[in-house]
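Novice: Before I ask anything, let me first share the structure, which is written out below as C-alpha cells.
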Amino acid sequence: MSGVYARNRKQTHFDPVDVAARLQDAVTLYVMNEKRIPKRWRQLVGVPLVEAADKISDCAIAANETWPDEKHIDRRRDYWRMTITACKQLDRKLARAQNVIPSATSASMADILELLDKEIGLAMRHRDNDKVIPVGGKGKNK
2 MSGVYARNRK QTHFDPVDVA ARLQDAVTLY VMNEKRIPKR WRQLVGVPLV EAADKISDCA
62 IAANETWPDE KHIDRRRDYW RMTITACKQL DRKLARAQNV IPSATSASMA DILELLDKEI
122 GLAMRHRDND KVIPVGGKGK NK
C-alpha cells in the first residue's frame, strides 16, 4: 500500500493530461472568440489550431494509459515524443496566426503560450524520467 491512511488519501491528477486538457479548452475558446479569430480566418487558421491542441491531449492520454513495463516503455516514450512534437506544431501555428491575423497577438495568447510551455516541460520530463515498472507493480507481491 501507499503508507497513507485511507482517510488522508486524495484523488491525484496527472499533470501532463490535466495541462493538455486545459490547453485544449483554452485554444478552443480562443479560436471561437470573434474578436481574436474572425470567422473568415476560422476555417483556414482556427480549425488547425484546435486540431493540434486535440492531438496534444490525445498523445498525453495515450502515454498515460501505456504501462511502462519492459514491453511497452518505448511506446510510452514515443507517445511523449509525439506530445512534444504536437506542442511545437501548435506553437508554430500560433505564430502563423499572429503573423496573418491582426487581432491575434501574443498578449492575447499569453495563457495559451504559458500552458504550452508547461506541457512541453512536463512531457520532456516524463519522457526522460520514465522508468520500467514490472507488470506486478514494484515486485512485493510476486
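In the numbering used here, the protein residues as written are 2 to 143. Note that beta-carbon positions come from the ideal geometry of N, C-alpha and C, so glycine has one too.
From A61, V51, Q90, pick the residue whose C-alpha is nearest to that of R128; which is it?
Specialist: A61
Novice: Quick one, which of N130, K72, E66, T29 has its alpha-carbon nearest L50's?
Specialist: T29
Novice: By a C-beta neighbour count over all protein chains shown, 10 Å radius and 16 as the cutoff for buried, is N130 buried or exposed?
Specialist: exposed
Novice: Just mark W81 as buried or exposed, buried being the case when its beta carbon has 16 or more other beta carbons within 10 Å.
Specialist: buried
Novice: So I57 and T84 are in contact, right, with Cβ under 8 Å, and what is the actual spacing, rounded?
Specialist: 6 Å
Novice: Where R97 and D59 are concerned, what is the direct C-alpha to C-alpha distance, given to the nearest angstrom?
Specialist: 23 Å
Novice: Check for me: the alpha helix (DSSP H) holding N65 runs from which residue to which?
Specialist: 48 to 66
Novice: Quick check on this structure: which residue in K89, D70, L116, L117 has the alpha carbon closest to the alpha carbon of I134?
Specialist: D70
Novice: I38 to R77, Cα distance in whole Å?
Specialist: When rounded, the distance between both Cα atoms is 35 Å.
Novice: Could you check which residue in A21, A124, D118, A64 has the C-alpha nearest to that of E52?
Specialist: A21
Novice: Can you tell me which of the three DSSP states T84 falls into?
Specialist: helix
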